[in-house]
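**Q** The numbering of the sequence shown is the numbering used here, which starts it at 20 and goes up by one. Note that CB positions come from ideal geometry on N, CA and C, so glycine has one too. Please find one structure pasted underneath; my questions will follow.
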Amino acid sequence: MKIGPVTIPGRTFLAPLAGITNLPFRQLVKECGCAVVCTEMVSAKGLFYNSEKTGTLLRSNQAEKPLSVQIFGTEPDIMARAAATIEAMGVADILDINFGCSVKKIVKQGAGAALMQDMANSRAILQAVRKATTLAFTIKIRSGWDRSGAQAIHLAQIAQQEGVDAVTLHPRTASQGFTGAADWDLIRQLKEKISIPVIGNGDIQSVADAVDMMDQTGCDAVMIGRAAMTNPFILHQVESFLDHGSFQAVGITDIFRKMEQLICLYAAHFGEEPACRMLRGRLPWFVKGMPGCATFRRDLSQIPATAAALALIQDYEYRLTRYV
Ligand SMILES: Cc1cc2nc3c(=O)[nH]c(=O)nc-3n(C[C@H](O)[C@H](O)[C@H](O)COP(=O)(O)O)c2cc1C
């Protein structure tokens, strides 16, 4: 599959996840195996004002390529300048615009899913950004602001007219947030209506779900978010199944090795103290549903240093593999 000038080496995308898909986590998932990783959303305004935090969000390395960088915002000229800045920095292969975030803080600014209420401004953003960059250009959308679903298809058609190279659809409305089920049939309908690639997203929790979504909708690739937070191998498992009809099961040991790796990557990337603080919320995802995970989470909330996190992991793994 090609997205604009970029050849995509597979059919799986790691979803942009604010606070999660930082460079260490992307590196971890990429090493497990996946086609494309995406940054968390980056404020176009932040880039415009050259904020340090925004710069940190754009740290990257060669090993994670091709990289998709997602921006959010509301004003066409600022979005266009952000796109040009990102291209000049040389970090991105794909530039993605967030039309789907339903979090209050973002929607209140008129960005994310709020853009789906204003097709004229959406078109102006797409035109301005397309003019500003030669990077592969994608958008990530929801079903729409309300329940009609027509907004997704209408916006995707506008995007195609304005030179966007692919569309990712998470088929829930903004007001749904993450409740209810993703309406995969809307992905199928969208695929019939546009000729640029469609990436299907929403509620893929297993390899079987990914294959079902592709079968039911005809989407060109799948994007996986929350399931990768507990199983970073899932995208690789999907790739394996699509290529060879089988995939390797992931054992407890595989997950624990990835947890250890993430601790080291976090410490190197963020520094010891911030890494420690962030990992307290991050590591429990990997052991969700395992026996004793609540105690592990509690003990983790008190770790003073990453060395203590590593020791806790070793102890928990020992207990699990001995008794399970
Ligand atoms: C913690 C969290 C952070 C997210 N951050 C972003 C984001 O920065 N940009 C974006 O387009 N979507 C974001 N999303 C939405 C996901 O990319 C994805 O569309 C959604 O989780 C549905 O896919 P899934 O069922 O595979 O998780 C976020 C979702 C979660 C749970």
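(1) Going by other Cβ atoms of all chains shown within 10 Å of its Cβ, with 16 needed for buried, is H255 buried or exposed?
(2) Just grab the DSSP bridge partners of R161 for me.
(3) Entirely within the stretch 207 to 267 and at least 4 residues each: give me those alpha helix (DSSP H) ranges in chain order.
(4) When you compare the CB positions of A61 and T73, do they come within less than 7 Å of one another, or not?
(5) What is the residue span of the beta strand (DSSP E) that D115 lies within?
(6) So, at 8 Å on beta carbons, what are the nonlocal neighbours of H288 in its own chain, with the 5 sequence-adjacent residues on each side left out?
(7) Please report how far the alpha carbon of A169 lies from the alpha carbon of S214, in whole angstroms.
(8) If you measure from the CB of R30, is any heavy atom of ligand 1 nearer than 6 Å?
(9) Across which residues does DSSP place L86 in a beta bridge pair?
(10) How should H189 be labelled, buried or exposed, when 16 other C-beta atoms within 10 angstroms of its C-beta is the threshold for buried?
(11) When the Cα of C238 is compared with those of T152, A185 and L284, which residue comes out closest?
(12) Where does the unbroken beta strand (DSSP E) through F32 begin, and where does it stop?
(13) For ligand 1, is there any heavy atom lying closer than 6 Å to the beta carbon of M297?
(14) Is M135 closer than 7 Å to G163 when the C-beta atoms are compared?
(15) Look at the Cβ atom of I218, then the Cβ atom of T187, and state whether they are nearer than 7 Å.
(16) Taking 6 Å as the cut-off, is the beta-carbon of A229 closer than that to any non-hydrogen atom of ligand 1?
(17) Among the candidates M98, Q195, E71 and G29, whose CA atom is the shortest distance from the CA of A63?
(18) Do you know whose CA, among R161, I332, L339 and A175, lies nearest D202's CA?
(19) Looking only at its own chain, which residues have a Cβ that is under 7 Å from the Cβ of V110, when we skip the five neighbours before and after it?
(20) Using DSSP with H/G/I as helix, E/B as strand and the rest coil, what is F67?
(21) Would you kindly work out how many angstroms separate the C-alpha atoms of I332 and A147, rounded to a whole number?
(22) Look at A102 and T31 and say whether their C-beta atoms are less than 7 Å apart.
(23) When a residue counts only if its C-beta is closer than 7 Å to some heavy atom of ligand 1, which residues count, in chain order?
(24) Compare the Cα-Cα distances from R245 to each of I27, P24 and P35 and report the closest residue.
(25) Just the C-alpha distance for L47 and D204, rounded to the nearest angstrom, thanks.
(26) For E181, does the count of other Cβ atoms within 10 angstroms reach 16, so buried, or fall short, so exposed?
(27) Given a threshold of 16 other Cβ atoms within 10 Å of its Cβ, counted over all protein chains shown, does M19 qualify as buried or as exposed?
(28) Identify the residues that DSSP records as bridge partners of F275: which are they?
(29) Using DSSP with H/G/I as helix, E/B as strand and the rest coil, what is A155?
(30) On a CA-only basis, which of L261, R149 and A330 is nearest D234? Give me that one, please.
**A** With the given structure in hand:
(1) buried
(2) H189
(3) 226 to 236, 245 to 249 and 253 to 263
(4) A quick correction: the sequence has Val, not Ala, at residue 61. Result yes, Cβ atoms of V61 and T73 sit closer than 7 Å.
(5) I113 to F118
(6) N41, L42, P43, R78 and A294
(7) 17 Å
(8) no
(9) V56
(10) buried
(11) A185
(12) T31 to L33
(13) no
(14) yes
(15) yes
(16) no
(17) M98
(18) R161
(19) L77, S79, L86 and V88
(20) helix
(21) 49 Å
(22) no
(23) A34, P35, L36, A37, G38, I39, E59, M60, Q89, N117, G119, C120, K159, H189, F197, A201, N220, G221, D222, I223, M242, I243, G244, R245 and A246
(24) P35
(25) 32 Å
(26) buried
(27) Outside the shown range of the chain (20 to 343) lies residue 19, about which nothing can therefore be said.
(28) Partner(s): none; F275 has no beta bridge.
(29) strand
(30) L261
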